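J.:
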Amino acid sequence: MSTSLDAVRDYFLDLQQRIVHQLELADGQSFETDEWVREQGGGGISRYIEEGKLFERGAVLFSHVKGLNLPPSATARRPELAGRPWEAMGVSLVLHPRNPYIPTTHMNVRLFIAEARHDQEERIFWFGGGMDLTPYYGFEEDAIHFHQHCAHALAPFGDDKYPAFKQWCDEYFYLKHRDENRGIGGIFFDDLNAEGFDTCFALVRSVGDHFTKAYLPIVEARRHHRYGERERDFQAYRRGRYVEFNLVFDRGTLFGLQSGGRTESILLSLPPIVRWRYQWTPEAGSPEAQLSDFLRPREWLNHT
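Position 170 (the sequence shown) corresponds to 170 in full-length UniProt numbering; numbering is contiguous.
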């Protein structure tokens, strides 16, 4: 599998470079680069932007790390893998635009390997990933466009993939303590290995390659919308939900912290300006009040 792992690593590095290049063209400002080494094994390349013209914060992160024991976040659903040496690599990105009319977005593609400890065990792999959209002001055409490209990415791999991965996304990016969804979803998948290494890798490549097609047209459609203090204030309030999910529920954040990952890179996913309020609700009938209904899961591909 070593040759296959080299191909996955090469793809992830190329994907990071291609996405950063397109984001730099959109923003007009360059991303910084931070190459780091992990004491427990492996390292990564963090590409990030702060106080950009378009993106208030953005991060496109590559990591390839190793360890002696899979952490609890990786074995909670597969306890039989506890105690195994492991290897993980992937690309994860989060973009927090300055303009409240442009949604925040997240994308992740990754590969995990659980190594065999003795001759009676097999080396186990699984892929995971997805992409999702978190708007502050809802535009139906944006949600439809995003989900169309999620569906296009999965279409070559079976008609069952998009409906299943969409539902998985709706269920995963859900704040139980708020009884609300984080955004309008997209696709999410994990533990992908049943169809073989090559097919699963091809699916992950398709998801990664479709991200900019799904997101950047929305950026271009909304980047010139005028906004003021009211919209920025509401954006900061809703960003609090993003922080709550990432710090309480997100598997990637938990895995990174539990496995001794680079803290600064892990927490680059958090927005730079956030505001919490006590028992605050937006004015009835306002654009801000409409967001709650907009975030409820729906079949965007059949929405008219």
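Just so it is clear, CB atoms sit at the ideal spot from N, CA and C, and this is done for glycine as well.
Computed from a predicted model, the values in this text were never measured in an experiment.
1) Under the three-state reduction of DSSP, which class applies to D179: helix, strand or coil?
2) Checking the sheet assignment: what are the DSSP bridge partners for V37?
3) Hey, which unbroken runs of the beta strand (DSSP E) at 3 residues or more fall wholly within the region 132-205?
4) Does the beta-carbon of A26, which I'm using as the reference point, lie nearer than 7 Å to any heavy atom of the ligand ADP?
5) Among R57, L5, R9 and Q258, whose alpha-carbon lies nearest the alpha-carbon of R239?
6) Ends of the beta strand (DSSP E) at S63?
7) Where L295 and E220 are concerned, what is the direct C-alpha to C-alpha distance, given to the nearest angstrom?
8) Which residue from A26, G28, D27 and G43 puts its Cα closest to that of D34?
9) For S214, count neighbouring Cβ atoms within 10 angstroms of its own Cβ and tell me buried if that reaches 16, exposed if not.
10) So for L25, helix, strand or coil by DSSP?
11) Quick check on R178 - is its C-beta less than 8 Å from some C-beta in chain B?
12) In the DSSP assignment, find the alpha helix (DSSP H) that holds F255 and state where it starts and stops.
13) Helix, strand or coil: which one does DSSP assign to S92?
14) Can you give the beta carbon distance from P163 to E115, rounded, assuming they're within the 8 Å contact cut?
15) Anyone know if the C-beta pair for G129 and R110 falls short of 8 Å?
16) Expressed to the nearest angstrom, what Euclidean distance is found between the alpha-carbon atoms of L13 and T105?
17) Alpha carbons only, please: which of F62, V60, L95 and Y174 is nearest the one belonging to P272?
18) Going straight from the alpha carbon of G138 to that of A202, what length do you get?
19) Below 8 Å between beta carbons: does that hold for L133 and F146?
20) Provide the residue span of the beta strand (DSSP E) that contains T105, from first to last.
21) Pick from P135, I49, I144 and Y172: whose alpha carbon is nearest that of N302?
22) Let me know if T253 comes out buried or exposed under the rule of 16 or more other beta-carbons within 10 Å of its beta-carbon.
23) Which same chain residues end up closer than 6 Å to S269 when comparing Cβ atoms and leaving out the 5 residues on each side of it in sequence?
24) In chain order, what residues of the same chain lie with their CB nearer than 8 Å to the CB of V20, ignoring the 5 residues before and after it?
25) Can you give the Cα-Cα distance for A194 and H149, rounded to whole angstroms?
T.: Inspection of the coordinates gives the following:
1) Coil.
2) BP columns for V37 point to G43.
3) Those beta strand (DSSP E) runs which fall completely within the region 132-205 and span 3+ residues are 185-192.
4) With respect to the ligand ADP, the structure offers nothing, as it holds no ligand at all.
5) Closest by alpha carbon: R57.
6) Residues F55 to G67.
7) Near 22 Å, if we compare the C-alpha coordinates of E220 and L295.
8) Distance from the Cα of D34 is smallest, within the candidate group A26, G28, D27 and G43, for G43.
9) The sequence shown places Ala at residue 214, not Ser. With 16 or more Cβ atoms within 10 Å of its Cβ, A214 is classed as buried.
10) DSSP places L25 in helix when its eight states are reduced to three.
11) This model lacks chain B altogether, as it is built from one protein chain only.
12) Element bounds for F255: R251 to Q258.
13) Reduced to three states, the DSSP call for S92 is strand.
14) Incorrect: roughly 34 Å between the Cβ atoms, too far for contact.
15) Going by C-beta atoms, G129 is nearer than 8 Å to R110.
16) Using only the alpha carbons, I get a separation of about 20 Å.
17) With distances taken between CA atoms, P272 lies nearest to L95 out of F62, V60, L95 and Y174.
18) Distance between the alpha carbons of G138 and A202: 32 Å.
19) Contact check for L133 against F146 passes: the beta carbons are separated by less than 8 Å.
20) From DSSP, the beta strand (DSSP E) with T105 extends over T104 to A114.
21) When each option's Cα is compared against that of N302, the closest is I144.
22) Answer is buried; the Cβ neighbour count reaches 16.
23) Closer than 6 Å at Cβ, skipping near neighbours: V94 and N246.
24) The residues are F31, R47 and V60.
25) Approximately 24 Å between the Cα atoms of the pair.
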